[in-house]
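Here the structure is laid out as structure tokens; the discussion comes afterwards.
In our numbering, the protein residues as written are 8 to 129.
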């Protein structure tokens, strides 16, 4: 079964929210950054860029991805980073819920004539 890109966009929004929530925990988030030698923030930055690209293509809100990228830049200022991670997590939660509602309202399932299965389309 093939999926419409909006399905991946919705999943990336939820994953971004989860990452921000974990990074927002003062001890656990700092431990993750230190133990990964700053690789996890780099991976999260790539996820934000992909989500930003998909959000622009589907006419969705981009503020969560932009806030996440800004948060990654100020990651190493501890008290400010903690607050920014939590603010970004709340923004991403709202955007994830909005993306899921949009996904559920639209009809993405269509019948594929050749393969006799359902495909997700716009």
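Using N, Cα and C, we set each Cβ at its ideal position, and we do this for glycine too.
Since the structure is predicted, the reported quantities are computational estimates derived from the model, not experimental observations.
Here the alpha carbon of residue 111 sits roughly 38 Å from the alpha carbon of residue 42.
Between the region 59-69 and the region 22-41 there are fewer than three inter-stretch CB-CB distances shorter than 8 Å, so the stretches are not counted as touching. Where residue 34 is concerned, the enclosing alpha helix (DSSP H) starts and stops at 33-42. Going by C-alpha positions, residue 109 is about 34 Å away from residue 45. In this structure, residue 51 lies away from residue 16, with their beta-carbon atoms at least 7 Å apart. Just so you know, the alpha carbons of residue 89 and residue 103 end up roughly 21 Å apart.
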